[in-house]
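To get my numbering, take the position in the sequence shown, counting from 1, and add 7.
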Amino acid sequence: MKKRVGILISGRGSNMRALIEAAKEKDYPAEIVLVISNVADASGLEFARGNGIEAQVIEHKKFPSREIFDNAMDVALNAANVEIVALAGFMRLLSPRFVEKWHGRMINIHPSLLPAYKGLHTHKRAIEAGEKFAGCTVHFVTPELDDGPAILQAQVPVLPGDSEDTLAARVLEQEHRIYPQALRLVAEGKAKL
Ligand code: GRF
């Protein structure tokens, strides 16, 4: 049985797209059954719907607190019988209660070689620090931001003359490669928290 996966996005959704494409393969151990965006005009929504996947907008702005917003997402995920949650450019902090509910069943992709450069503007900070390497990490989500155990990482060089954009593009290519691989490991039970 394929594991049922829900993806949370806030924007472009290129990692979501990589997961949807990977899941089209017959022997892939997971299927994408639901996409949720907290931003109404996230461009990723169209791609999901175009691929026959239910895509819901749950706007955080419309809820009185983070906990109530998170609970609305939890209700939607459970209604779709989601078993694994994949965060893909989802730009909201999650409440401890939500993280606890999905303990060991929620993963994230972050554009740095964690534990280096948690948080935002990872590429800009890596260039400014004179790093020779950058990369991305898929990790289990724990209550601390960008802190859970890594499942897969990919490394790329920082090249002379790199801007934030050129480095981001080099890393993004690797994100699209390792996120489907990491989800496969989790869905197969080969990576566990
Ligand atoms: C990616 O760089 C991801 O690592 C980070 O946010 C970005 C989202 O891009 N968490 P996309 O929406 O998947 O295109």
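Quick reminder that beta carbons are idealized off the backbone N, C-alpha and C, glycines included.
All figures in this text were calculated on a predicted structure; none of them were measured in a lab.
**OP:** Mind reading off the beta-carbon distance from G126 to I16? Whole number of angstroms is fine, and I expect it under 8 Å.
**Re:** Going by Cβ atoms, the distance from G126 to I16 rounds to 19 Å, so no, they are not a contact pair.
**OP:** Enumerate, from N- to C-terminal direction, the unbroken beta strand (DSSP E) stretches of 3 or more residues contained entirely within the segment 116–183.
**Re:** 140–147 and 157–164
Original post:
In chain order, what residues of the same chain lie with their CB nearer than 8 Å to the CB of Q160, ignoring the 5 residues before and after it?
Top reply: L120, L121, G142, C143, T144, V145 and I185
Original post:
With 16 as the cutoff for other CB atoms within 10 Å, does H110 come out buried or exposed?
Top reply: exposed
Subject >> Residue from T129, N22, L52 and Q162 whose Cα sits closest to the Cα of V153 >> reply: The sequence given here has Asp at residue 153, not Val. It is T129.
**OP:** Could you spell out where the beta strand (DSSP E) holding S44 opens and where it closes?
**Re:** A37 to S44
**OP:** Could you work out which residue in A25, D34, V46 and D169 is closest to I134 when comparing CA atoms only?
**Re:** D169
**OP:** Could you work out which residue in Y35, I14 and E90 is closest to Q188 when comparing CA atoms only?
**Re:** Y35
**OP:** Take I91 and list the residues in its own chain whose beta-carbon comes closer than 8 Å to its own, dropping the five residues that flank it on each side.
**Re:** K10, R11, V12, G13, A37, R112, M113, I114, L190, V193 and A194
**OP:** Please report how far the alpha carbon of G196 lies from the alpha carbon of I43, in whole angstroms.
**Re:** 24 Å
Original post:
Straight-line CA distance for A176 to R19?
Top reply: 14 Å
**OP:** Please list, in chain order, all residues with a C-beta atom less than 5 Å from at least one heavy atom of the ligand GRF.
**Re:** G18, R19, G20, S21, N22, A95, G96, I116 and P118
Original post:
Sorted by chain position, which residues of the same chain lie with C-beta nearer than 7 Å to Q181's C-beta, five sequence neighbours on each side aside?
Top reply: G142, C143, A161 and V163
Original post:
M80 by DSSP, collapsed to three states: which one?
Top reply: helix
**OP:** Determine the closest residue to I215 out of L200, F54, S102 and V89, with distance taken between C-alpha atoms.
**Re:** Residue 215 cannot be examined here, being either before or after the span of the chain that is shown, 8 to 200.
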